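Number of protein chains: 4
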Amino acid sequence: MNNKLSIHTKLKVRFSECDSLQIVWHGNYLKYFEEGREDFGVQHGISYLDAKVNGFATPIVKSTCEHKLPLKYGDECTVETTFIPTDAAKIIYTYRIFKDEKLICTGETVQVFTDKNGELVLNNPSFFLDWKKKIGLI
Amino acid sequence: MNNKLSIHTKLKVRFSECDSLQIVWHGNYLKYFEEGREDFGVQHGISYLDAKVNGFATPIVKSTCEHKLPLKYGDECTVETTFIPTDAAKIIYTYRIFKDEKLICTGETVQVFTDKNGELVLNNPSFFLDWKKKIGLI
Amino acid sequence: MNNKLSIHTKLKVRFSECDSLQIVWHGNYLKYFEEGREDFGVQHGISYLDAKVNGFATPIVKSTCEHKLPLKYGDECTVETTFIPTDAAKIIYTYRIFKDEKLICTGETVQVFTDKNGELVLNNPSFFLDWKKKIGLI
Amino acid sequence: MNNKLSIHTKLKVRFSECDSLQIVWHGNYLKYFEEGREDFGVQHGISYLDAKVNGFATPIVKSTCEHKLPLKYGDECTVETTFIPTDAAKIIYTYRIFKDEKLICTGETVQVFTDKNGELVLNNPSFFLDWKKKIGLI
């Protein structure tokens with residue numbers, strides 16, 4: 001069984017992502033996390049569009065980011081996205097961004113499932129359970 | 001008849017809207033134009049949501065922006081939004097942003113109408129013609 | 001002595017802040033927190049520009065956001081920003097966003113001080129201690 | 001002599017770049033143009049950082065964008081960036097974005113040179129003339 005599901009996504013800092021301090025504006029790291037998360041989702045069949053096709057949305061209900069070092073315009077970095085298994089009807093990912101093997105920041109997002117009416121779904125949708133089986137998590 | 005329909009919208013530059021040059025990143029002016037345009041739309045009953053209620057979207061097909069002076073973090077400015085009448089099935093606005101009566105930039109946007117299938121609508125929708133009558137343009 | 005320093009800032013959701021789910025994209029709440037934080041800073045003399053004038057930057061080292069309810073385009077909301085006193089050389093704020101007295105989200109940011117060379121400052125800068133005295137915190 | 005200097009840059013649409021209409025928000029195309037422009041600049045030695053090292057900034061004074069077809073989340077596209085020679089002290093680029101050989105949008109940006117005091121430079125800086133010689137434009 002694979003308890004740790006991780007992928008690595010390469011990114012390059014855009015000019016428009018930097019602020020007056022000439023570093024990446026802190027909120028833009030959530031875009032990098034999202035790029036990592038969706039890269040994971042596309043590779044593993046659990047992306048935003050996979051959920052949508054099954055009639056669900058997966059809105060973020062919690063996000064955290066801790067910054068160790070800044071990134072500047074033009075920097076190339078790698079987002080490590082890790083799927084964290086949980087029994088709850090949630091999708092949890094953790095993130096670590098590296099530049100030249102130096103840790104830039106860490107973070108976490110928690111997503112829930114909502115149905116076509118936007119209502120919170122309290123039990124794991126069957127498409128998600130099927131995915132967990134396929135991936136070897138249950 | 002009112003040939004010139006203008007409103008003024010006050011704005012304050014956000015920190016996250018400024019770039020490494022410590023001025024507003026050029027693409028963010030389109031957000032300011034949008035704020036002016038929607039302010040006009042809400043006041044005059046021709047907003048994004050008014051179109052939506054009538055089954056139409058009004059995507060932007062052209063936008064231009066010319067910069068005369070920069071804006072910095074914390075600057076307060078005014079967006080002047082002017083509806084430009086046209087017979088075509090389009091919505092045209094021009095914009096001028098001022099700070100302390102100095103002209104910061106000018107711009108223009110052109111929108112078209114698309115129906116619920118996302119198809120371009122070649123004739124003016126009846127809700128838009130009704131609006132033009134109400135406003136005294138036709 | 002005033003142990004709780006809070007202000008309220010009114011905001012209106014911009015069209016460009018909403019995502020494909022037709023709700024505010026989660027990362028944009030950090031912009032709303034920033035607007036509240038800077039509003040606090042300007043009113044109380046501890047803004048980004050106040051730090052800058054004294055030779056310091058105050059980069060964010062941690063941010064969290066928990067979402068209870070979504071915001072949609074055109075929604076008007078209030079950001080409650082609270083300064084959380086600490087002895088450490090940090091600036092901590094918590095946030096609560098309300099719409100019509102319903103809690104939309106909560107959050108926290110932690111900032112540190114860096115000097116003109118971008119180096120972390122381990123002790124509270126004198127301008128910050130002076131501010132704390134003035135505000136009645138020490 | 002090379003009269004047409006073009007490069008191609010591949011991009012993938014991010015979730016956070018799409019709006020409530022589930023298409024890329026029009027202002028985000030300026031980010032794609034910027035990515036193409038900087039890609040050109042890095043390859044040809046005329047990037048934002050090359051200008052900065054020589055004591056100049058190159059702020060955008062005009063940008064236009066014309067949309068033919070929308071892009072959606074997950075779409076992969078190519079930005080074609082073309083340097084347009086001019087004798088004026090300006091940097092002009094045109095852009096075309098394609099998806100599967102279909103034209104998505106076209107655009108143009110005009111940049112000027114400002115010196116370390118933020119003042120407009122009316123003549124071509126020597127580093128820019130040197131670059132033009134090197135590239136075979138003069």
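Respectively, the protein sequence lines represent chains A, B, C and D. Position 80, counted from 1, in the first sequence is what the UniProt record's numbering calls 80; the numbers after and before it change by one each time, with no gaps. Position 66, counted from 1, in the second sequence is what the UniProt record's numbering calls 66; the numbers after and before it change by one each time, with no gaps. Position 8, counted from 1, in the third sequence is what the UniProt record's numbering calls 8; the numbers after and before it change by one each time, with no gaps. Position 129, counted from 1, in the fourth sequence is what the UniProt record's numbering calls 129; the numbers after and before it change by one each time, with no gaps. Beta carbons: idealized from backbone N, C-alpha and C, even for Gly. Predicted model only: the values in this text are computed from it and were never measured.
Does F127/A have its Cβ less than 8 Å from a Cβ in chain D?
Counting from 1 along the first sequence, the entry for residue 127/A is found at position 127. Contact with chain D is absent for F127/A, since none of that chain's Cβ atoms lies less than 8 Å from the residue's Cβ.
| Taking only beta-carbon atoms, is L30/B less than 8 Å away from chain D? | Working through the second sequence from its first residue, we reach residue 30/B at position 30. Chain D, which has a Cβ nearer than 8 Å to the Cβ of L30/B, makes this yes.
Next item on the list: Would you kindly report the start and end of the unbroken alpha helix (DSSP H) that includes F128/A?
Entry: As a position in the first sequence, residue 128/A is number 128, starting the count at 1. Counting along the chain, the alpha helix (DSSP H) containing F128/A begins and ends at S126 to I135.
Check your understanding: Between the Cα of A89/C and the Cα atoms of D50/C, I97/C, Q111/C and T81/C, which residue gives the shortest distance?
Key -> As a first step, residue 89/C is located in the third sequence; it is residue number 89 there, counting from the start. Per the Cα distances, Q111/C.
Fill in: Other residues of its chain near K102/D: CB distance less than 7 Å, five sequence neighbours each side excluded
Walking along the fourth sequence from the start, residue 102/D turns up at place 102. Only L69 meet the Cβ criterion.
DSSP three-state label for Q111/A, please.
Residue mapping note: residue 111/A aligns to position 111 of the first sequence, counting from 1. In the three-state reduction of the DSSP assignment, Q111/A falls in the strand class, which pools E and B.
Where does Y73/D fall in DSSP's three states?
The residue you call residue 73/D lines up with position 73 of the fourth sequence. For Y73/D, the three-state secondary structure derived from DSSP is coil.
Minimum Cβ-Cβ distance from C18/A to chain B less than 8 Å:
Numbered from 1 along the first sequence, position 18 holds the residue referred to as residue 18/A. The C-beta of C18/A comes closer than 8 Å to at least one C-beta of chain B.
| In chain order, what residues of the same chain have a beta carbon less than 7 Å from the beta carbon of D75/D, not counting five sequence neighbours either side? | The residue labelled residue 75/D in the question sits at position 75 within the fourth sequence. For D75/D, where only same-chain residues beyond five positions count, the Cβ hits under 7 Å are V13 and K99.
- Task: Using three-state DSSP, classify N2/A as helix, strand or coil.
- Result: As a first step, residue 2/A is located in the first sequence; it is residue number 2 there, counting from the start. With a pLDDT of 47 at N2/A, under the threshold of 50, the modelled position of that residue is not reliable, and the figure given next carries that caveat. Annotated three-state conformation of N2/A is coil, per DSSP.
Below 8 Å on C-beta distance, what does Y73/B contact in chain A? Working through the second sequence from its first residue, we reach residue 73/B at position 73. Contact of Y73/B with chain A by beta-carbon distance below 8 Å involves S20.
*Could you list the residues in the stretch 92-119 of chain C with a C-beta less than 7 Å from some C-beta on chain E, going in chain order?*
Absent from the structure: chain E. Protein chains present are A, B, C and D.
Length of the line joining the Cα atoms of Q22/C and K133/D: By 1-based counting over the third sequence, the position of residue 22/C is 22. By 1-based counting over the fourth sequence, the position of residue 133/D is 133. Using only the alpha carbons, I get a separation of about 50 Å.
* Asked: In this structure, what does DSSP give as the bridge partners for S63/D?
  -> Looking up residue 63/D in the fourth sequence gives position 63. Answer by DSSP bridge pairing, in chain order: C65/B and T109/D.
- Quick one: is E76/C near chain B, going by C-beta distance under 8 Å? Looking up residue 76/C in the third sequence gives position 76. So, not an interface residue.
- Message: Quick check on I138/B: buried or exposed, where buried means 16 or more other Cβ atoms within 10 Å of its Cβ?
- Response: Stepping through the second sequence from its first residue, residue 138/B is reached at position 138. Burial state of I138/B is exposed, judged by a 10 Å Cβ sphere holding fewer than 16 other Cβ atoms.
Is the CB-CB distance between L5/D and T86/D below 8 Å? Locating residue 5/D in the fourth sequence gives position 5, counting from the first residue. Locating residue 86/D in the fourth sequence gives position 86, counting from the first residue. Cβ atoms of L5/D and T86/D: not closer than 8 Å.
F15/C versus chain B: which residues are under 8 Å apart at the beta carbon? Taking the first residue of the third sequence as position 1, residue 15/C is located at position 15. Simply E34, E38 and Y48.
Exercise for review: Could you spell out where the beta strand (DSSP E) holding K90/B opens and where it closes?
Suggested key: For this step, residue 90/B is matched to residue 90 along the second sequence. Residues K90 to K99.
Listed by chain order, chain C residues near I60/A by CB distance under 8 Å:
Stepping through the first sequence from its first residue, residue 60/A is reached at position 60. H26 and H67, listed in chain order.
message: Taking only three categories from DSSP, how would you classify V42/A?
response: The residue given as residue 42/A occupies position 42 in the first sequence. Here V42/A sits in helix by DSSP.
Quiz item: With distances taken between CB atoms, is the gap from E66/C to K31/A smaller than 8 Å?
Solution: As a first step, residue 66/C must be located in the third sequence, where it is residue number 66. As a first step, residue 31/A must be located in the first sequence, where it is residue number 31. No, the Cβ-Cβ distance between E66/C and K31/A is not below 8 Å.
Taking the straight line between their C-alpha atoms, what separation do you get for T94/D and K116/C? Along the fourth sequence, one-based indexing puts residue 94/D at 94. Along the third sequence, one-based indexing puts residue 116/C at 116. A straight line joining the alpha-carbon of T94/D with that of K116/C spans about 38 Å.
Practice problem: Could you tell me whether any Cβ in chain B is nearer than 8 Å to the Cβ of N54/D? | Solution: In the fourth sequence, the residue the question calls residue 54/D occupies position 54. Against chain B, the CB of N54/D has no partner CB under 8 Å away; the residue lies outside that interface.
(request) Show which residues of chain A have a CB atom less than 9 Å away from the CB atom of T81/C. (result) On the third sequence, position 81 is the one that residue 81/C refers to. The contacting residues do not exist; T81/C stays about 16 Å from chain A at best.
Name the DSSP beta bridge partners of residue 168/D, please?
Residue 168/D falls outside the range modelled here, since chain D spans only 1 to 138, and no answer is possible.
Open item on the list: Between T86/A and chain C, is any beta-carbon pair separated by less than 8 Å?
Closed with: On the first sequence, position 86 is the one that residue 86/A refers to. At a cut-off of 8 Å between beta-carbon atoms, T86/A makes no contact with chain C.
Self-check item: Assigned secondary structure, V121/B (DSSP; H/G/I helix, E/B strand, else coil)
Solution: Translated into the one-based positions of the second sequence, residue 121/B becomes position 121. Here DSSP, grouped into helix, strand and coil, assigns V121/B to coil.
For a test of the three-state rule: what should DSSP assign to V24/C, helix, strand or coil? Within the third sequence, numbered from 1, the residue matching residue 24/C stands at position 24. Correct three-state label for V24/C: strand.
Enclosing alpha helix (DSSP H) for D19/B [first to last residue]: One-based indexing of the second sequence puts residue 19/B at position 19. Per DSSP, D19/B lies in no alpha helix (DSSP H) segment and is marked neither H nor E.
Going by beta carbon distance, what residues of the same chain come within less than 8 Å of V121/A, once the five residues before and after it are set aside? As a first step, residue 121/A is located in the first sequence; it is residue number 121 there, counting from the start. For V121/A, where only same-chain residues beyond five positions count, the Cβ hits under 8 Å are F56, A89, V112, F113, T114 and D115.
Helix, strand or coil at K116/A according to DSSP, with G and I counted as helix: Residue 116/A sits at position 116 when you count from the first residue of the first sequence. In this structure, K116/A counts as coil in the three-state DSSP scheme.
Q) How many angstroms separate the CA atom of T9/C from the CA atom of E34/A? A) Here the question's residue 9/C lines up with position 9 in the third sequence. Here the question's residue 34/A lines up with position 34 in the first sequence. Rounded to the nearest angstrom, the gap between the Cα atoms of T9/C and E34/A is 28 Å.
Apart from the five residues just before and just after L49/A, which ones in its own chain have a Cβ nearer than 7 Å to its Cβ? Here residue 49/A corresponds to residue number 49 of the first sequence, with the count starting at 1. Excluding the 5 residues flanking it on each side, L49/A has no same chain C-beta neighbour closer than 7 Å.
Self-check item: C-alpha distance - Q43/D paired with D39/A, whole-angstrom precision
Solution: Residue numbering aside, residue 43/D sits at position 43 when the fourth sequence is read from its first letter. Residue numbering aside, residue 39/A sits at position 39 when the first sequence is read from its first letter. Their Cα atoms are separated by approximately 27 Å.
Less than 8 Å between the beta carbons of I97/A and I84/A, yes or no?
Residue 97/A sits at position 97 when you count from the first residue of the first sequence. Residue 84/A sits at position 84 when you count from the first residue of the first sequence. I84/A sits away from I97/A, with the two beta carbons spaced by 8 Å or more.
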